[in-house]
Amino acid sequence: MKTVSFRSRTTTFIAATKMTMKMVRLPTLLLLTVTTMLTWQTTSLSTTILTIPTTLFHTATSFTILSEADIHQRQEDDIMRISTVLSISKVAASILLRYYNWSVSKVHDEWFADEEKVRRSVGLLEKPVVEYPNARELTCGICFETYPFDRIHTAACGHPFCSSCWAGYISTAINDGPGCLMLRCPDPSCGAVVGQDMINVLASDEDKEKYSRYFIRSYIEDNRKTKWCPFPGCDYAVDFIVGSGSYDVTCRCSYSFCWNCTEEAHRPVDCGTVAKWILKNSAESENMNWILANSKPCPKCKRPIEKNQGCMHITCTPPCKFEFCWLCLGAWSDHGERTGGFYACNRYETAKQEGVYDEAEKRREMAKNSLERYTHYYERWATNQSSRQKALADLQQMQTVHLEKLSDIQCQPESQLKFITEAWLQIVECRRVLKWTYAYGYYLSEHEHAKRLFFEYLQGEAEAGLERLHQCAEKELQVYLNAEGPSKDFNEFRTKLAGLTSVTRNYFENLVRALENGLSDVDSHGACSRTTSSKSLGGGSSKGRGGRGKGTTSKSSSSSRNIDDSSHWSCEHCTFANVKSATICQICHKRR
């Protein structure tokens, strides 16, 4: 048994492991592991007011959630602004904005640079191309029928078409999709735009409704800074401040997603890794891997065959019916006493002993190993996904049923019980993060042994910490839910759960940052620079928490955590600051 030391500028990690490893410096951002993960102060554990976090981290909100009414209001404001500044109609302003992807500044720049060019490009004509000042009847340019003047309609160009032809033309364009928003005159030689005013006059109610939907959606879909929430059935949009740091967005429908790739929020892995992982999970690639690992091709027709029982004598299915040996894939007719008997092939055994393997056999072994490795990570990824779904259901039940019941039993207002909801929200978020660490681990290079070993250690501690929080929020809470009256130690439970929530949040926050940095302070050989190591050992910040290793204690640890020795005692196992009257640690349950 060897002792491995993980060090940073402010934290020392001591863990027992059977594997030999050189000293690895922990990335500075990751300030918590076994010791600090369980260290927190009772002085900071006052009741917190619940705020549903938009991300796991305490960062400034970098996005705005927009309802359909908000989008419509923004459209109207932009249209009015353009209409006022350029002295044009609201219909013309909406056409300009639509053409320039709803960029007010772009419209201003282009219009004032060359108004005539803009009008020509967009199709906003200042005067008609053709005029019929005294005509009482006109011929429709589509059906060539003659109609009274009041049954003829024209765009700004003046080309005449009858009401029914206009209606059919507009209906076809609307049913073809959003391209109808920049509809042009039916005359092939004309580029005059058809505005919403004509749509409202000539289209059916159903088509007008579709047109309005396209118009609303264009404001989001044509703008680089806005996107629809990808959750099925959600009608909210998100206005995002590009370059604001984290890409994690949480919609009002409670769905969290990545702004960059619109997949579910997936920190700490990047979008490229998520795309590869989702593709790998899409069955087809793994089906081929399974076939390669668990079957052999018929030597004659090449169809894959799975042998699940029986002897080595294989007969392919009709119409092939080729008989061959499963071990060496040779024709069965070539087997006999000289090959070790009909049912014991020594060709394969001899080749195996001599180290001579068929190329297909090597590929099969590689595929089997690859499949086993993938299965390991996928099962844990899927388990955390299902655990997260269960936690979401428990959170909903807690909010709708249990909080009210607990409030009645413990004689406390629901506003004082929101620390429970906050704990469940943290569990849900941490399950998501933990889930994606398995995708991270799958794609972590096998050659970076130190990083892999360190990553697995950190991941294990994250799992352990989350399980402690989950256990407290799920199991220990039941005691107070099933109580017949107020419990004397409920405030101690509040302190414990709020503390575990805070510690778990901090640990996962730093874990995510470290993984996003690629565990950059751990080199591929498992060593760290001498300069940095010396800083880690002797130049740590006084604000950091002291490390505690096997057979060592930190005399300054109490003062560094500001623990009042007269009223608290620090657990030697997990360093939790327990009240003086307690004889068993509230976190690890070790005796004093």
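In terms of this note's numbering, the sequence shown opens at residue -7 and continues consecutively. Using N, Cα and C, we set each Cβ at its ideal position, and we do this for glycine too.
Residue i classed as buried or exposed, judged by whether at least 16 other C-beta atoms fall within 10 angstroms
| i | result |
| --- | --- |
| residue 573 | exposed |
| residue 122 | exposed |
| residue 249 | buried |
| residue 141 | exposed |
| residue 473 | exposed |
| residue 368 | exposed |
| residue 476 | exposed |
| residue 427 | buried |
| residue 491 | buried |
| residue 271 | exposed |
| residue 487 | buried |
| residue 168 | exposed |
| residue 392 | exposed |
| residue 186 | buried |
| residue 357 | exposed |
| residue 326 | exposed |
| residue 506 | buried |
| residue 230 | buried |
| residue 502 | buried |
| residue 149 | buried |
| residue 471 | exposed |
Cβ separation of residue i and residue j, assumed to be a contact under 8 Å, to the nearest whole Å
| i | j | result |
| --- | --- | --- |
| residue 465 | residue 412 | 7 Å |
| residue 184 | residue 115 | 5 Å |
| residue 151 | residue 172 | With 8 Å as the limit, residue 151 and residue 172 do not qualify as a contact, their Cβ atoms being about 18 Å apart. |
| residue 93 | residue 215 | 6 Å |
| residue 211 | residue 63 | 6 Å |
| residue 199 | residue 162 | 7 Å |
| residue 91 | residue 174 | 7 Å |
| residue 500 | residue 431 | Actually they do not touch by this definition, with Cβ atoms about 16 Å apart. |
| residue 188 | residue 83 | 6 Å |
| residue 317 | residue 290 | At roughly 12 Å, the Cβ-Cβ gap does not stay under 8 Å, so residue 317 and residue 290 are not in contact. |
| residue 315 | residue 309 | Their Cβ separation, rounded to whole angstroms, is 12 Å, which puts residue 315 and residue 309 out of contact at 8 Å. |
| residue 406 | residue 396 | 7 Å |
| residue 321 | residue 360 | Wrong, their Cβ atoms sit about 17 Å apart, outside the cutoff. |
For residue i, three-class secondary structure by DSSP
| i | result |
| --- | --- |
| residue 125 | coil |
| residue 476 | coil |
| residue 584 | coil |
| residue 313 | coil |
| residue 240 | strand |
| residue 139 | strand |
| residue 323 | strand |
| residue 483 | helix |
| residue 305 | strand |
| residue 562 | strand |
| residue 585 | Nothing in the structure corresponds to residue 585, since the chain is present only between -7 and 584. |
| residue 429 | helix |
| residue 298 | coil |
| residue 572 | coil |
| residue 250 | strand |
| residue 288 | strand |
| residue 145 | strand |
| residue 364 | helix |
| residue 130 | strand |
| residue 455 | helix |
| residue 357 | helix |
| residue 256 | strand |
| residue 267 | helix |
Would the region 122 to 140 and the region 149 to 169 be scored as touching if the rule is three or more Cβ pairs under 8 Å? yes
Taking contact to mean 3 or more Cβ pairs, one atom from each stretch, closer than 8 Å, check whether the region 423 to 432 and the region 366 to 384 are in contact. yes
So, do the region 248 to 265 and the region 288 to 301 have three or more beta carbon pairs nearer to each other than 8 Å? no
Using a Cβ distance threshold of 8 Å, determine whether the region 125 to 135 contacts the region 100 to 116, with at least three qualifying pairs required. no
In the region 150 to 230, which residue ranges form an unbroken beta strand (DSSP E) of at least 3 residues, counting only runs that do not cross its ends? 218 to 220
Would you check if there are 3 or more beta carbon pairs closer than 8 Å linking the region 478 to 496 to the region 457 to 464? yes
Measuring CB atoms only, is the region 229 to 245 touching the region 52 to 62, in the sense that at least three cross pairs come out at less than 8 Å? yes
Within the chosen definition, does the region 507 to 514 reach the region 437 to 452 through at least 3 CB pairs nearer than 8 Å? yes
Complete alpha helix (DSSP H) runs within the region 380 to 426 (minimum length 4 residues, chain order): 395 to 402
With a floor of 3 residues, list each beta strand (DSSP E) that falls wholly inside the region 63 to 113, ordered by position along the chain. none
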